[in-house]
Amino acid sequence: MKTKSIYTTVLMTAIFSLSLFSQQKLDFMGFPSDGISQESNLNINKNTQVIEDVSIERSFKSPISLPSGIAFDGQYLWVCGYNEYFMYKISTIDGSVISKVPVNIQKPYGITYDNGIIYMIDNTTKNIFAFDPTTGSCLDTIIVNQNLIYPTGLYKLNNEFIFNDTKGPQPSALGDSTYFYTNVTSNILGNPTFGTYSTGITYDGQYLWINDNPTQTTMKIDPISWTLQNTYKIPGGMYPNGIAWDGQYFWEINNASDSIYMFNPESVTSISNNITNTNVNIYPNPISSNESFNILSQNFIPQTISIYDVNGKVVANKNNFNNSTLVTLNANELNLSSGVYTINVIGKIENETLKFIVK
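For the record, in the sequence shown the residue sitting at position 201 is 205 according to the numbering used here, with numbers rising by one throughout.
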């Protein structure tokens, strides 16, 4: 009876969470939109740099769904996520959770480690918070005192905090910036971003590395001259929200695949002439459970489309699309109830993953 009761409680909690998520659109980090941020427009693209595909050295699942950031403390990785109220210390070997530490902020969209302290930037209050990594107690609140719209990513370099502020996808929402903020003097310096929706930030001792969601890339930037050195395609899909450097490898956490990837940008698998946006778009998104939706592939012909629920269970598999790049499916025919789904579109050699909501 006790086991059944626990199972029922967990099931009801999951259903309640899905019902909340299904009522909202996803923002450009792959999180349920609260009306402050705006749904991403994946057709916007600023870059025309040469892009290189990195080689994945190691990967494992994120300890949480909807992850927003990742940091390295010299031995372990630290992960934060949307609506979690916890930060997770995990192994770099297999991703196992070493400790789960409570924190008192809801939307930490950037995390970094410095001198025994975990820092997170909160997308709700727009402030930076310092936490004890053992107890989770708040050690300091750093008020940036700027009219930030959507702060993402965080790295502490000496006495400066580095973070992005993404204004939104609309043409009128200009001024996406990467800020350098010194809380001792409250001095802030802003540089224009190279990406469309910049997210995670890290530093390798010489260059900044900043992720961009629509192009699914990380950008190597000289912080002195503020010039773009190179751009790398990184794995996992359209929401590469966080990045960390461990002294030898980079770690990327991706919200589309809810996975963590270790890679070395010096080891590349291919080079293409220019950056393209995501190869697949889904529209409309979200839809109701009796509507049809379209999956448009821009650069390859889908062979198989698999749909997974929030627990990773396959709920639908479709193929034989008559060599068409446009596939139309119906949520009712696929028995898709309200919830958040992951759609995997597979070509002969291509593989694209996107999130999708049924209301």
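Idealized CB from N, CA, C, for every residue including glycine.
- With 16 or more other Cβ atoms from the protein chains shown falling within 10 Å of its own Cβ, residue 359 counts as buried.
- Ranked by how close their Cα comes to the Cα of residue 123, the residues 106, 317, 263 and 134 have 134 in first place.
- Beta-bridge pairing by DSSP links residue 104 to 92.
- Beyond the five residues adjoining it in sequence on each side, residue 88 comes within less than 7 Å, by CB distance, of 68 in the same chain, given in chain order.
- In this chain, the beta strand (DSSP E) harbouring residue 322 covers 318-323.
- The Cβ atoms of residue 214 and residue 167 lie no closer than 8 Å to each other.
- Its chain contains 296 and 298 as the residues whose beta carbon lies nearer than 6 Å to that of residue 332, once the 5 sequence neighbours on both sides are disregarded; these appear in chain order.
- The stretch 240-260 and the stretch 189-198 do not touch, with fewer than three beta-carbon pairs separated by less than 8 Å.
- Note that the C-beta distance between residue 74 and residue 205 is not below 8 Å.
- Of all alpha-carbon atoms in 98, 113, 361 and 78, the one lying nearest the alpha-carbon of residue 91 is that of 113.
- DSSP, reduced to helix, strand and coil, places residue 198 outside both helices and strands of the structure shown, so it counts as coil.
- Under the three-state reduction of DSSP, residue 296 is assigned to strand.
- For residue 289, there is no enclosing beta strand (DSSP E), since its DSSP letter is neither H nor E.
- Annotation note: the stretch 214-277 contains no uninterrupted alpha helix (DSSP H) run of length 4 or greater.
- The C-beta separation of residue 182 from residue 197 comes to about 6 Å, placing the pair in contact by the 8 Å criterion.
- For residue 266 against residue 63, the beta-carbon gap comes to about 7 Å, under 8 Å, which counts as contact.
- Residue pairing by DSSP leaves residue 327 without any beta bridge partner.
- Under the three-state reduction of DSSP output, residue 338 falls in the coil class, being neither helix nor strand.
- Within the same chain, 311, 358 and 360 come within 6 Å of residue 347 by CB-CB distance, once the 5 residues on both sides are set aside.
- 8 Å or more divides the Cβ of residue 309 from the Cβ of residue 362.
- Assigned with DSSP and collapsed to three states, residue 190 falls in coil, not helix or strand.
- In this structure, the alpha-carbon of residue 77 lies about 24 Å from that of residue 147.
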